[in-house]
Amino acid sequence: MASKLAVHGGDPVVASGQIKPWPWITDDDRAAVASVLDGERIAGSRESESTGLAAEFAEYVGTKHCVPCNSGTAALHMCVAGLEIGPGDEVITTAHTYWATAAAVLHHQAIPVFVDVDPATYCIDPGLIEERITAHTRAIIPVHIHGMPCDMDAILDIAERHGLQVIEDVAQAHGSRHRDRMCGTMGACSGFSTQMSKNLTTGSEGGLFVTDDDVILKRAETLQYLGEIVVPGRERAEQEYNARGMGWMYRGDVFGQAFARSQLRRLEDMNDARIANCHRLTRGLKGVSGIAAPFEPDNVRHTYYNYVVTVRPDELGLDIAPVAMRAKLDTALRAEGVDVGLWQRMPVPSQTVFQSRVGFGKGYPWAIPEARDVVYHPEDYPRAAEFIDAALYVFGIGPPNDTDLMDQYVDAIAKVLGDVDGLMAVE
Ligand SMILES: Cc1ncc(COP(=O)(O)O)c(C=O)c1O
403 MASKLAVHGG
413 DPVVASGQIK
423 PWPWITDDDR
433 AAVASVLDGE
443 RIAGSRESES
453 TGLAAEFAEY
463 VGTKHCVPCN
473 SGTAALHMCV
483 AGLEIGPGDE
493 VITTAHTYWA
503 TAAAVLHHQA
513 IPVFVDVDPA
523 TYCIDPGLIE
533 ERITAHTRAI
543 IPVHIHGMPC
553 DMDAILDIAE
563 RHGLQVIEDV
573 AQAHGSRHRD
583 RMCGTMGACS
593 GFSTQMSKNL
603 TTGSEGGLFV
613 TDDDVILKRA
623 ETLQYLGEIV
633 VPGRERAEQE
643 YNARGMGWMY
653 RGDVFGQAFA
663 RSQLRRLEDM
673 NDARIANCHR
683 LTRGLKGVSG
693 IAAPFEPDNV
703 RHTYYNYVVT
713 VRPDELGLDI
723 APVAMRAKLD
733 TALRAEGVDV
743 GLWQRMPVPS
753 QTVFQSRVGF
763 GKGYPWAIPE
773 ARDVVYHPED
783 YPRAAEFIDA
793 ALYVFGIGPP
803 NDTDLMDQYV
813 DAIAKVLGDV
823 DGLMAVE
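Going letter by letter, the sequence shown gives residues 403 to 829 in my numbering.
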């Protein structure tokens, strides 16, 4: 007889304490941060850690320049400013992302325009981009969501035909590749996040701006240091205290940079382990009804920042909305000891900021006289909404967690979905 679900008093499949937290911190990481504290002067370390991380990350991704900053949102804002996108300009992006992608556009008084997702990859659907291009459109921001590379061939082709720039949001895709090209190297410039959950992290907050272009670099550098160009750590010797233009304070943090440099040395190996874990899950879930594992195209390296399954009530003969089944499954799997949860609750254009167009107040940036009247209809993004309602995020997939843990996850999922009555009885 099948064992009772843990949510109803049975034994959990995954014993407590088995799931190791992310980021995976080693003695090398500890030594890297301690060396900043033990150095002669923190100001000296500020220069060497910032320039060191910039050089090492640029080499890793294969771009000419990198500027470490204090968040992925800042890095994306630097991209928008670096391309001189400004008030009233339109920028096309995906309806399914963390809203920081769109916030970076709004931060420079430009107007986000959203496109629904591809139902297989959950990245922006290139087939729906051209109908959103207007005379005001300046750029496209594809987001390599969950670590899945976007269809960059199609996106770059559209951009070229319409004279648009491409900014890559690589917040979730350090080391992902589209065919043999590294994500973050295909657009004019790109923004990575190194916030603590990311595959490459500062352990706290942080971001990385990258570009090959010297002019875009200068504009982005100016934006991130309050309108001046200053090398971190050399302020006293060199700062002019003369703002050359509008700027924000987006300087990066020295301790986080030391941590990220240490983690970067292991990034490819850690990504390999994460990918192996996720492939194990996908193989294990193949025969399990009621749930779909994520799709992975042949021509990509998907680094699985997130592993997302979608519920399929119809496969179990259930007449229940996916969102309701997902809630029961979420509760039941947590009780089994599996680290699962939710991420986005609605497509970005459905969020209040776009529904009420509050922005900077007084209707800006939408009220800018030269701007087109861009409105956001929630019903225009049905695939993003459908995905969000059915999606369950499986955490604990990064190393040092290994395939043994993934096998336990599969056992737990199979146990819960194999007991439909028990699942339906979950409150
Ligand atoms: C897709 C995406 N873009 C941008 C960001 C913003 O990065 P940060 O939180 O470092 O500002 C995130 C952060 O989670 C993200 O997931």
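C-beta atoms are modelled at their ideal positions from N, C-alpha and C, and glycine is treated no differently.
None of these values were measured; they are calculated from a predicted model.
Asked	Found
CB of glycine 692 within 8 angstroms of CB of valine 710, strictly	no
Beta-carbon spacing of proline 551, serine 578 below 8 angstroms	yes
Beta strand (DSSP E) segment containing isoleucine 618, residue limits	No beta strand (DSSP E) contains isoleucine 618, which is instead part of the alpha helix (DSSP H) from 616 to 626.
Inter-residue Cα distance where the pair is threonine 604 and leucine 744	24 angstroms
Given 8 angstroms, three or more beta-carbon pairs between the segment 803 to 820 and the segment 718 to 738	yes
Start and end residues, beta strand (DSSP E) containing serine 595	591 to 595
Nonlocal neighbours in the same chain, by C-beta distance under 7 angstroms from alanine 483, ignoring five residues either side	His510, Arg621, Ala622 and Leu625
Minimum C-alpha distance to aspartate 571 - residue among Cys481, Tyr652, Phe789 and Arg646	Cys481
Collapsed DSSP secondary structure at methionine 672 in the structure displayed	helix
Where histidine 779 falls, given that 16 or more other Cβ within 10 Å makes a residue buried	exposed
Secondary structure of glutamate 458, DSSP reduced to three states	helix
Inter-residue spacing [alpha-carbon to alpha-carbon] between glutamate 442 and asparagine 803	37 angstroms
Where the alpha helix (DSSP H) through cysteine 468 begins and ends	Looking at the DSSP string, cysteine 468 is not in any alpha helix (DSSP H); the run it does join, the beta strand (DSSP E), is 467 to 471.
At least 3 beta-carbon pairs within less than 8 angstroms: the segment 455 to 470 vs the segment 537 to 557	no
Nearest candidate by alpha-carbon position, reference proline 514, set Thr523, Gly686, Gly529 and Thr536	Thr536
Run of the alpha helix (DSSP H) containing alanine 786, from where it starts to where it stops	784 to 792
Integer Cβ distance of alanine 660 from serine 437, believed to fall under 8 angstroms	7 angstroms
Continuous alpha helix (DSSP H) assignments of at least 4 residues falling wholly in the segment 682 to 758	724 to 737 and 754 to 757
Proximity test, threonine 499 beta-carbon vs ligand 1 heavy atom, cut-off 7 angstroms	yes
Backbone CA spacing between isoleucine 494 and arginine 646 [nearest angstrom]	29 angstroms
Test item: CB-CB of threonine 475 and alanine 505 under 8 angstroms	yes
Per DSSP, cross-strand counterpart(s) of glutamate 533	Glutamate 533 is not bridged to any residue.
Supposed contact pair glycine 608 and asparagine 472 - C-beta distance, whole angstroms, cut 8 angstroms	6 angstroms
Continuous alpha helix (DSSP H) stretch holding aspartate 775: start and end	Run containing aspartate 775: none; DSSP gives neither H nor E here.
Cα-Cα separation, alanine 639 to alanine 445	11 angstroms
Under 8 angstroms between C-beta atoms of phenylalanine 797 and valine 760	no
Stretch pair the segment 449 to 466 + the segment 656 to 674: three plus CB contacts closer than 8 angstroms	yes
Beta-bridge partners of arginine 583, as assigned by DSSP	His580
Short Cβ contact (8 angstroms threshold) for aspartate 491 with alanine 512	yes
Where the beta strand (DSSP E) through glycine 609 begins and ends	609 to 613
Bounding residues of the beta strand (DSSP E) (the contiguous stretch that carries threonine 539)	539 to 543
Among Pro489, Gly719 and Ala590, nearest to glycine 565 - alpha-carbon criterion	Ala590
Cβ-Cβ distance between valine 517 and threonine 499 below 8 angstroms	no
Glutamate 492, enclosing beta strand (DSSP E) - first and last residue	492 to 496
Whole-number beta carbon distance between valine 409 and glutamine 810, since they are thought to touch under 8 angstroms	Between valine 409 and glutamine 810 the Cβ distance is about 17 angstroms, and since that is not below 8 angstroms, they are no contact.
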